[in-house]
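Student: Attaching a single structure in structure tokens format; questions to follow.
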Amino acid sequence: MNEARKGQGMSIALCVGMGVFILLTALIALMLATPFEASDLKAFENPDDPLNPIFFFILVIGFTAVILIVLRFGGKMPVHFVMLAAVVVTIYYVMDSLILYYSSTVTHLLIVSVFGLGLNIGALVITFILALLLYKYPEWYVLDAIGLVIGGGTVAIFGISLSILPVLLLMVVLAVYDAIAVYKTKHMVSLAESIVDLRIPVLFVLPRKRSFSLLREKGQGKDNDKSEKEEAFYMGLGDAIIPSMLVVSANCMRIPAFTHYLGLINAPALGALIGTLAGYAVLSRIAGRGKPHAGLPFLNSGAIIGFMIAYILAC
């Protein structure tokens, strides 16, 4: 979900900034895809299985429902630690795959196991440092930086785990769900507002003022807390993750005719990426009016159209 706070227009700088986050998420995922494939770090064994999108969607619905229920009856603390744990696990797998893939240039100390449990010391150290930073100092730029890591890692995992048709099906279903969740039931809006308070990297945050600080909100009154939040622009990590999955999936297509530009991205994947950014440009025009908007209908549509155009032209 893409959310603009405060009833003022979204500046060009904020618009470009969020677009850069989408671009970086996709580029990081493209760079992680090869190490992940080498580590066989996949979510599904059969990328062509048409049931994969169904399992993914059920997982999204189930996780969202559990979080909303716990927030309503159990408070924010349990949700904070569960989501923090999920972030930490993702960081570990990203670092583990990178260290193992580039082990020839890393000292042996970083890749030995811990007590025979198969844990990567280097990955553990990096994960611990980032987790400690996230827990002790969850400022907006810390959330953004770590959000790029886990966003890129998540995209890479599911991008290499799903072939084109399952990804397209999933994107259509999630775009419809996002629209319903934001405009009809509005539960995604409530969830996003609660997650901002948790200060975990599942949202990209860009301040409208240099003085903005998420940490300063702690201990303030409700009115001041609300006023401070209104000085930033928020975008859910899912808005960068879901369309970027098509970029990675398209880039993994084993078709020799598609040349990889700069050794990184082929034409269909580049088309999907450009289409995503075009969809975001349209979305930013609407989100700048100050109300929460569903991002996936615009972003996914742009990615799909861009992919199809580039695929046809490249064939």
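Position 87 of the sequence shown, counting from 1, maps to 92 under the working numbering, and the rest follow consecutively. Backbone N, C-alpha and C define an ideal beta-carbon position, used for all residues, glycine too.
Going straight from the alpha carbon of Asn229 to that of Phe217, what length do you get?
Tutor: Because Asn229 sits at a pLDDT of 49, beneath the cut-off of 50, its placement in the model cannot be relied upon, and the point is left open.
Student: Work out the CA separation of Ala91 and Leu278 for me, nearest whole Å.
Tutor: So the two alpha carbons sit approximately 27 Å from each other.
Student: Hey, quick one: how far does the alpha helix (DSSP H) through Phe26 stretch, first residue to last?
Tutor: Per DSSP, Phe26 belongs to the alpha helix (DSSP H) from Ile17 to Ala43.
Student: Counting beta carbon pairs with one atom in the stretch 247-254 and one in the stretch 198-214, are three or more of them shorter than 8 Å?
Tutor: Not touching, per the Cβ criterion.
Student: Going by DSSP in three states, Leu301 sits in which element: helix, strand or coil?
Tutor: Residue state, collapsed to three classes: helix.
Student: Short of 6 Å in beta carbon distance, which residues of its chain neighbour Ala128, apart from the five on each side in sequence? Order them along the chain.
Tutor: Within the same chain, Ala128 has close Cβ partners Tyr97, Met100, Asp101 and Ile104.
Student: I'd like the span of the alpha helix (DSSP H) that includes Phe133, first residue to last.
Tutor: Taken as a continuous stretch (DSSP letters only), the alpha helix (DSSP H) holding Phe133 covers Ile126 to Lys141.
Student: I'd like the span of the beta strand (DSSP E) that includes Val210, first residue to last.
Tutor: Looking at the DSSP string, the run of the beta strand (DSSP E) that includes Val210 is Leu208 to Pro212.
Student: Between the Cα of Ala245 and those of Ile134, Leu288 and Ser195, spot the shortest distance and give me the residue it belongs to.
Tutor: When each option's Cα is compared against that of Ala245, the closest is Leu288.
Student: Three-state secondary structure (DSSP) at Met193?
Tutor: Met193 falls in the helix class under three-state DSSP.
Student: Does the pairing of the stretch 266-281 with the stretch 188-197 give three or more beta-carbon distances under 8 Å?
Tutor: In short, these stretches do not touch, since the Cβ pair count stays below three.
Student: Give the straight-line distance between the Cα atoms of Arg204 and Trp145, rounded to the nearest whole angstrom.
Tutor: Answer to the nearest angstrom: the Cα atoms are 8 Å apart.
Student: Check whether the Cβ atoms of Leu167 and Leu301 lie closer than 8 Å to each other.
Tutor: Result no, Cβ atoms of Leu167 and Leu301 do not sit closer than 8 Å.
Student: Under 7 Å Cβ to Cβ from Leu174, same chain only, skipping five residues before and after it: list those, please.
Tutor: Cβ within range, chain order: Pro58.
Student: Do you know how far the Cα of Ala31 is from the Cα of Val25?
Tutor: Near 10 Å, if we compare the C-alpha coordinates of Ala31 and Val25.
Student: Would you report the Cα separation of Pro83 and Val160, rounded to the nearest angstrom?
Tutor: About 26 Å.
Student: Would you list the residues sitting across from Ala237 in a DSSP beta bridge?
Tutor: Beta-bridge pairing links Ala237 to Pro212.
Student: In three-state DSSP terms, what is Tyr266?
Tutor: The answer is strand: DSSP assigns Tyr266 an E or B state.
Student: Nearest CA to the CA of Phe163: which residue from Pro52, Ala286 and Ile309?
Tutor: That would be Pro52, whose Cα lies nearest to the Cα of Phe163.
Student: Could you check what DSSP says for Gln13 in three-state terms: helix, strand or coil?
Tutor: With a pLDDT of only 45 at Gln13, under the threshold of 50, the placement of this residue in the model should not be trusted; the figure read from the coordinates follows. Three-state DSSP puts Gln13 in coil, outside helix and strand.
Student: Excluding the five sequence neighbours on either side, which residues of its own chain have a C-beta within less than 7 Å of the C-beta of Val147, listed in chain order?
Tutor: Excluding residues within five positions, the ones whose Cβ falls inside 7 Å are Leu138 and Leu139.
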